[in-house]
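Single-structure report; data block below.
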Amino acid sequence: MTSSIRRGLTTLTPAVVVAVAITAVLAACSSGSSGPAAKPKPTEDFAAQATDFRNLHTMTKVRGFYIDNRLGHLDEALAVANSSKGGVYPVGTIVQLVPQEAMVKREKGFSPQTKDWEFFFLSVSADGTVIDKRGTTDVANRFGGNCASCHQAATARFDGVCEKDHGCAPLPIGDDVFHSIQEADPRPLN
Ligand code: HEC
81 MTSSIRRGLT
91 TLTPAVVVAV
101 AITAVLAACS
111 SGSSGPAAKP
121 KPTEDFAAQA
131 TDFRNLHTMT
141 KVRGFYIDNR
151 LGHLDEALAV
161 ANSSKGGVYP
171 VGTIVQLVPQ
181 EAMVKREKGF
191 SPQTKDWEFF
201 FLSVSADGTV
211 IDKRGTTDVA
221 NRFGGNCASC
231 HQAATARFDG
241 VCEKDHGCAP
251 LPIGDDVFHS
261 IQEADPRPLN
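So for the sequence shown, the numbering used here puts the first residue at 81; every next one is plus one.
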């Protein structure tokens with residue numbers, strides 16, 4: 081009796097193993113395709129192309145600046161931007177104050193000196209965006225000001241974003257001027 085049960089189990093085992101394996105593979109597939117938005121994977125990166133920089137008015141305005149995320153993490157980016165505690169922006173985040181300058185969050189480890197931000201100097205027109213210069217510690221704006229050297233003064237928890245009160249030296253330009261420059265963005269809205 082006992083030995084026949086044992087023989088039966090031994091015979092069944094391979095079939096059970098195969099069934100469990102198939103179930104596991106199917107479960108993995110379905111959770112991968114229809115589950116909730118996955119957290120950014122450690123390997124996720126975003127190398128922006130010119131067409132990723134669109135009219136500021138296609139982005140989401142937060143106080144004085146505009147924000148977007150090309151990898152589907154806009155909610156997470158907005159949560160950081162709207163938190164008084166700050167936080168680390170998710171990979172794929174684009175932040176702009178004016179159409180001609182942008183910072184884009186790359187993968188962790190891309191550039192520890194700039195908190196993994198890639199800085200951009202852009203030309204914009206009715207035809208769209210041209211990337212004039214991109215980099216980390218070596219990009220300057222049209223006035224010769226180095227992006228990284230100003231932005232690294234931001235208090236650590238604000239992840240390199242200056243605004244008015246994050247510790248960066250203030251810009252000698254009024255909000256009304258920034259607003260006019262933002263409104264004059266010549267790029268198409270679609
Ligand atoms: C002279 C210092 C300085 C330089 C140079 C500079 N920035 Fe800034 N930047 C600031 C300050 C200060 C603000 C906040 C302005 C405000 O809200 O009044 C700011 C705002 C921004 C913002 C909006 C988010 C934020 O941090 O408030 C972006 C994006 C940005 N700068 C990108 C750049 C890029 C890209 C470059 C280089 C091409 C650059 N900046 C050069 C000081 C600087």
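No residue lacks a Cβ here, since even glycine has one placed at the ideal position from N, Cα and C.
Where residue i falls: helix, strand or coil (DSSP)
i      : result
Ala101 : Low confidence applies to Ala101: its pLDDT is 48, below 50, so where it sits in the model is not reliable, and the reading given next is rough at best. Of the three classes helix, strand and coil, the one that applies to Ala101 here is helix, per DSSP.
Phe145 : strand
Asp212 : strand
Ser164 : coil
Ala220 : strand
Phe258 : helix
Phe200 : strand
Ala264 : coil
Gln176 : strand
Glu187 : coil
Glu181 : strand
Thr140 : strand
Distance cut-off 7 angstroms: residue i Cβ against heavy atoms of ligand 1
i      : result
Lys185 : no
His259 : no
Phe168 : The sequence shown places Val at residue 168, not Phe. No - ligand 1 has no heavy atom lying nearer than 7 angstroms to the Cβ of Val168.
Pro250 : yes
Ala157 : no
Asn221 : yes
Leu154 : no
Lys244 : yes
Best match in the options for proximity to residue i [C-alpha to C-alpha]
i      : options                        : result
Ile174 : Ser163, Leu269, Asp196, Lys165 : Asp196
Gln176 : Asp245, Phe201, Phe126         : Phe201
Cys248 : Phe258, Ile261, Cys227         : Cys227
Lys213 : Gly225, His246, Phe199, Ser205 : Phe199
Phe133 : Gly189, Ala182, His246         : Ala182
Gln232 : Asp207, Val204, Pro192         : Pro192
Ala127 : Gln180, Lys141, Gly144, Asn149 : Asn149
Val204 : Ala130, Arg143, Leu158         : Ala130
Gly144 : Val241, Gly172, Leu269, Asn270 : Val241
Residue burial classification, residue i (beta-carbon count within 10 angstroms, cutoff 16)
i      : result
Phe223 : exposed
Val160 : buried
Thr217 : exposed
Val257 : exposed
Thr274 : What is shown of the chain runs 81 to 270, which leaves residue 274 out entirely.
Lys165 : exposed
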